[in-house]
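Single-structure report; data block below.
There are 2 protein chains.
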Amino acid sequence: MSDKALNGLFESPLQVLNLGLENFAENAAAAGATSVQVDWRLPAGGNRALVEAMDTLTSNPAVDIEKANAEGLRRILEAKPTILGIGTAIDVVPGMAKDLILHAGPPVSWENMCGPMRGAVIGGLIYEGLARTPTEAEALAASGKIRFEPCHHHNAVGPMAGIMTASMPVWIVENTAFSNRAYCTLNEGLGKVLRYGAYSDEVLDRLRWMASDLAPILSDALKARGPIDMKNIIAQVLQMGDEGHNRNRAGTSLIIRELAPYLVMLDYPKEQISKVLSFLNANDHFFLNLTMPSAKCTVDAAAGIEGCSLITTMARNGTEFGIRLSGLPGQWFTGPAGIVDGLYLPGFSADDAARDIGDSVITETSGIGGFAMAAAPAIVKFVGGSPQDAIDFTLRMYEICVGENNVYQIPILDFRGTPTGIDVRKVVETGILPVINTGIAHKNPGVGMVGAGLVKPPENAFRDAMLAFAKKYTKE
Amino acid sequence: MSDKALNGLFESPLQVLNLGLENFAENAAAAGATSVQVDWRLPAGGNRALVEAMDTLTSNPAVDIEKANAEGLRRILEAKPTILGIGTAIDVVPGMAKDLILHAGPPVSWENMCGPMRGAVIGGLIYEGLARTPTEAEALAASGKIRFEPCHHHNAVGPMAGIMTASMPVWIVENTAFSNRAYCTLNEGLGKVLRYGAYSDEVLDRLRWMASDLAPILSDALKARGPIDMKNIIAQVLQMGDEGHNRNRAGTSLIIRELAPYLVMLDYPKEQISKVLSFLNANDHFFLNLTMPSAKCTVDAAAGIEGCSLITTMARNGTEFGIRLSGLPGQWFTGPAGIVDGLYLPGFSADDAARDIGDSVITETSGIGGFAMAAAPAIVKFVGGSPQDAIDFTLRMYEICVGENNVYQIPILDFRGTPTGIDVRKVVETGILPVINTGIAHKNPGVGMVGAGLVKPPENAFRDAMLAFAKKYTKE
Chain A
1 MSDKALNGLF
11 ESPLQVLNLG
21 LENFAENAAA
31 AGATSVQVDW
41 RLPAGGNRAL
51 VEAMDTLTSN
61 PAVDIEKANA
71 EGLRRILEAK
81 PTILGIGTAI
91 DVVPGMAKDL
101 ILHAGPPVSW
111 ENMCGPMRGA
121 VIGGLIYEGL
131 ARTPTEAEAL
141 AASGKIRFEP
151 CHHHNAVGPM
161 AGIMTASMPV
171 WIVENTAFSN
181 RAYCTLNEGL
191 GKVLRYGAYS
201 DEVLDRLRWM
211 ASDLAPILSD
221 ALKARGPIDM
231 KNIIAQVLQM
241 GDEGHNRNRA
251 GTSLIIRELA
261 PYLVMLDYPK
271 EQISKVLSFL
281 NANDHFFLNL
291 TMPSAKCTVD
301 AAAGIEGCSL
311 ITTMARNGTE
321 FGIRLSGLPG
331 QWFTGPAGIV
341 DGLYLPGFSA
351 DDAARDIGDS
361 VITETSGIGG
371 FAMAAAPAIV
381 KFVGGSPQDA
391 IDFTLRMYEI
401 CVGENNVYQI
411 PILDFRGTPT
421 GIDVRKVVET
431 GILPVINTGI
441 AHKNPGVGMV
451 GAGLVKPPEN
461 AFRDAMLAFA
471 KKYTKE
Chain B
1001 MSDKALNGLF
1011 ESPLQVLNLG
1021 LENFAENAAA
1031 AGATSVQVDW
1041 RLPAGGNRAL
1051 VEAMDTLTSN
1061 PAVDIEKANA
1071 EGLRRILEAK
1081 PTILGIGTAI
1091 DVVPGMAKDL
1101 ILHAGPPVSW
1111 ENMCGPMRGA
1121 VIGGLIYEGL
1131 ARTPTEAEAL
1141 AASGKIRFEP
1151 CHHHNAVGPM
1161 AGIMTASMPV
1171 WIVENTAFSN
1181 RAYCTLNEGL
1191 GKVLRYGAYS
1201 DEVLDRLRWM
1211 ASDLAPILSD
1221 ALKARGPIDM
1231 KNIIAQVLQM
1241 GDEGHNRNRA
1251 GTSLIIRELA
1261 PYLVMLDYPK
1271 EQISKVLSFL
1281 NANDHFFLNL
1291 TMPSAKCTVD
1301 AAAGIEGCSL
1311 ITTMARNGTE
1321 FGIRLSGLPG
1331 QWFTGPAGIV
1341 DGLYLPGFSA
1351 DDAARDIGDS
1361 VITETSGIGG
1371 FAMAAAPAIV
1381 KFVGGSPQDA
1391 IDFTLRMYEI
1401 CVGENNVYQI
1411 PILDFRGTPT
1421 GIDVRKVVET
1431 GILPVINTGI
1441 AHKNPGVGMV
1451 GAGLVKPPEN
1461 AFRDAMLAFA
1471 KKYTKE
């Protein structure tokens, strides 16, 4: 630069292009300069090992990752989740057994389980008749005679504690485009319920009624009606203010109106049928246990693709949050479960809260739930924040996804498809973590729900997955 | 201005503040000037008589108009529309008679009725057994033996042609805060239906089934359940993507789930009850005939307030659009019914369209429907436009209303209340006409629905009302 040009530079007003830390721009502005702030962060948070691993993966990949991801996205978009019916876990869930308890999230031992999951295990053992009292149940759980495995290892998902035992009724949802199935228990409602760690008589009596009345009646109505196309129903609820995770009033309504004409026709005492309809009407979360297996069988179809960096599982057990990648089948990458930032029910506060828990984040994994919050602005009354926040969350998720849904659309974003196909590379590079909205359980066993809110997953789970992926898929 | 100042003016760059016509600002900008465009129009479109009438009313009012309007708004906001039950028109609608046919909109003679209203009258006369064939019905309608009066003269409202005859079942909705009632027929569904002017056997058979099965079954379920708080339900549907006029999928769903547990318990053959539930499930507009009488009994409570310039009726008969003001009870102000700008069903075009018709604009009059379109972005797939248009329509309506609803909220506008209490003075002064979304009937009798869209009411109806209001309420 010549002296003249240099002098010219100092004579003219400063025009600043600021990258990164905003207060530099603020200082420049305070000094009278015009500045433009660019939202820029160091790739992978400046972590050298990660940046190098990603660089060498990019320059020297062992497989065509873009092609593998395109195949993963294709499978997710072509999925056709369909409610086939209701069965009993031991009859339909692969590998289910009397001495096996399935739980939410990545693997966890009894010793390491959080309060609400322990509470739900206690309730599950009493429900199965394997223990008579909570004390007996705790002793049995600690004895080594009961096996604990993730729902996700059995094509299943469970909300919150996600406890599934052998004799519980489960939804059977099939992805008819790929013939794979997913299973989930039926939703119990809010408040004192097993999935939030409560196990009082009220909770167990309801579970027994669900097995003796609710499940067979709904099952027979479904048989009379025929399978329900969940892709179509989820597409509709996104135009009706639901996002399929923590706002499900429209979805529950649509299921009721689909089944009611068939429920009436069944050969059960009408008091029993009426009680089923009243139960559904009183429980807006009923639909959650249908979006979950729908999402599960959707993303499961994209699992196990060689070289695919899409995230096909996110799940929490209340102790750890874990993910699995399509190209690294069977491997969990975990970090500590997060603390939920939320709204609390009267009488409760953050001091009462368990950490982030449940398989319901399978909805976000498939591109709805928190990823579709722009479709459900009224959800902020439940999880906190403003309607603009809800829109911003969805917009940010496009940055970590490889595509947009072809059927699930968000009216307010001009019917743009929901962000779909989370690429772990994008998460690590941008530092943008998947947004998750969730219920909050009490940290102690036996209490139940205390609130709902938003939570960030641990970044190291994604970084570890990225490193393992780079290690496997960088050419030697 | 001194010479020096004047020279200074011409030496410095032009800074233009432009009022009104935008191309002046565009020209200034093209010439290099900085300009700010202000959206400004001549008050009352520059109509001298109107401006003078409004000015003298403002400077010399005979009553406190602001106070009267505050009272009108208070009554609208405090309204508690509640579904009481179902009755037969002749038993419950004030002044109903066997030789009387009620119709939508302001008064209109058989000779001046549009095609779809004539079609519906023909169907109504055959339905009542007063004629056996369409030819007989037309002759009877023209004979002078049948009286035609607006639904609005009988505390009633009717969608599209709005034909109500003596033996039709009607919803009974009471504004429990003010003990006034409104009535409306039950919704028949879409396609070939009486309210769109169709009168084939299919249409008449359905009407007969509605009277023999649908109405008594729903009536008994309502008796078992007890009254339904429509204020609460409408508040909910606005958070579920409905606006209560042409998008009613959430509302219909909520009514189904409220009634289903009671429907199951009734002592009717279960096939009959199942058919009722199937009919409701197949007809998303079912809820419209509940929002309409809810809106009607809401604004009726604000009618007849001395000095109140709020609009308490808007209605169309397919020939004319008419309004009534609170402070001018009993007087209609009309103009030609508009041409709807909309989307057409396959096989139909604008050439097939009847003009704007129906009492359903009572929803807009009460502050929902088109006024709440921001809550229902998905409606644009039905009536045309973009989601941003839907938001803009609602925002514009705040400019002609005196308040915002205390219960009906729009999530995407940060839960702002819907624009409520249309002040005819504001409409005339700003030239902003109420936005109305509506179905489109075929122009010929006997065909039915051909599309849906948006329509502007005739400005002169509002101007004439304003002049009459100013005449009555300017101090002599």
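In order, the protein sequences belong to chains A and B.
Number 177 in the numbering used here belongs to position 177 of the first sequence; there are no gaps in the numbering.
To get the numbering used here, take the position in the second sequence, counting from 1, and add 1000.
A virtual CB, placed ideally from N, CA and C, is assigned to each residue, including glycine.
Predicted model only: the values in this text are computed from it and were never measured.
Check, Outcome
"Taking three-plus beta-carbon pairs below 8 Å as touching, is the segment 1246-1259 of chain B in contact with the segment 1280-1287 of chain B?", "yes"
"Beta-carbon separation of L527 (chain A) and G46 (chain A) under 8 Å?", "Outside the shown range of chain A, which is 1 to 476, sits residue 527 (chain A), and nothing can be said about it."
"Among A:T291, A:A177 and A:A224, whose alpha-carbon lies nearest the alpha-carbon of I233 (chain A)?", "A:T291"
"Taking CB distances under 8 Å as the criterion, tell me whether A478 (chain A) reaches chain B.", "For residue 478 (chain A) there is no data in the structure shown, the boundaries of chain A being 1 and 476."
"For a cutoff of 8 Å on Cβ pairs, would you count M1373 (chain B) as touching chain A?", "no"
"Reducing DSSP to helix, strand and coil, say where C308 (chain A) ends up.", "coil"
"Hey, how far is the Cα of G384 (chain A) from the Cα of G453 (chain A)?", "6 Å"
"Mind pulling the beta strand (DSSP E) runs of 3 or more residues that sit fully within the segment 1180-1231 of chain B?", "1180-1185"
"Using the DSSP secondary-structure output, state which residues sit across from C401 (chain A) in a beta bridge.", "A:I422"
"Which of the three DSSP states, helix, strand or coil, is assigned to Q236 (chain A)?", "helix"
"Could one say the Cβ of N1281 (chain B) lies closer than 8 Å to chain A's Cβ atoms, at least one of them?", "yes"
"Alpha carbon to alpha carbon, how far is C1401 (chain B) from D1351 (chain B)? Give it in angstroms, no decimals.", "35 Å"
"DSSP state of G1119 (chain B), grouped into three classes?", "helix"
"Once the 5 residues before and after I1065 (chain B) are set aside, which same chain residues still bring their CB inside 7 Å of it?", "G1307, S1309 and Y1473"
"Keeping to the same chain, check which residues put their C-beta closer than 7 Å to that of A1104 (chain B); ignore five residues upstream and five downstream.", "C1151, G1158, M1160, A1161, G1162, A1315, R1316, N1317, I1357, G1358 and D1359"
"Are the segment 139-147 of chain A and the segment 461-472 of chain A touching by the rule of at least three beta carbon pairs closer than 8 Å?", "no"
"Which of helix, strand or coil does DSSP assign to P513 (chain A)?", "Beyond the ends of chain A as shown, which are 1 and 476, falls residue 513 (chain A); an answer cannot be given."
"For V428 (chain A) versus L100 (chain A), is the C-beta distance shorter than 8 Å?", "no"
"For the putative contact between D1324 (chain B) and T1313 (chain B), defined by C-beta atoms under 8 Å, what is the C-beta separation to the nearest angstrom?", "Reading off the sequence, residue 1324 (chain B) comes out as Arg, not Asp. Right, the Cβ-Cβ distance comes to about 4 Å (below 8 Å), so this counts as a contact."
"Need the endpoints of the beta strand (DSSP E) that D1341 (chain B) sits in, please.", "D1341 to Y1344"
"Note down, in chain order, each residue of its chain lying with its Cβ closer than 7 Å to the Cβ of S1294 (chain B), except the 5 sequence neighbours on either side.", "P1081, V1173, M1230 and I1234"
"Run through chain B and tell me which residues come within less than 8 Å of D229 (chain A), C-beta to C-beta.", "The contacting residues do not exist; D229 (chain A) stays about 15 Å from chain B at best."
"Going by DSSP, what residue range makes up the beta strand (DSSP E) through F415 (chain A)?", "Taken as a continuous stretch (DSSP letters only), F415 (chain A) belongs to no beta strand (DSSP E), as it is neither H nor E."
"Closest by CA to I368 (chain A), which one among A:G417, A:K443, A:S326 and A:D284?", "A:G417"
"Tell me the DSSP secondary structure of E1243 (chain B) in three-state form.", "coil"
"On the DSSP letters alone, give me the boundaries of the beta strand (DSSP E) that A1441 (chain B) sits inside.", "I1436 to A1441"
"At a Cβ cut of 7 Å, what residues of the segment 217-242 of chain A count as close to chain B, listed as they run along the chain?", "Q239, M240 and G241"
"Quick check on the DSSP output: the alpha helix (DSSP H) that includes T1363 (chain B) runs from which residue to which?", "I1362 to S1366"
"Which residues, in chain order, does the segment 377-396 of chain A contribute to contact with chain B at a C-beta distance below 9 Å?", "P377, A378, I379, V380, K381, S386, P387, Q388, A390 and I391"
"Output yes or no for whether 8 Å exceeds the beta carbon distance between I76 (chain A) and T298 (chain A).", "yes"
"If the cut is a Cβ gap below 7 Å, which residues of chain B does V361 (chain A) touch?", "None at all; the shortest Cβ gap to chain B is about 24 Å."
"Out of curiosity, what's the CA-to-CA distance linking P169 (chain A) and M210 (chain A)?", "8 Å"
"What are the residues that DSSP puts in a beta bridge with F469 (chain A)?", "According to DSSP, F469 (chain A) bridges with nothing at all."
"Below 8 Å between beta carbons: does that hold for E1243 (chain B) and I1440 (chain B)?", "no"
"Following the continuous beta strand (DSSP E) through N175 (chain A), name the residue where it begins and the one where it ends.", "P169 to N175"
"Using a Cβ-Cβ cut-off of 8 Å, state whether D1099 (chain B) counts as contacting chain A.", "no"
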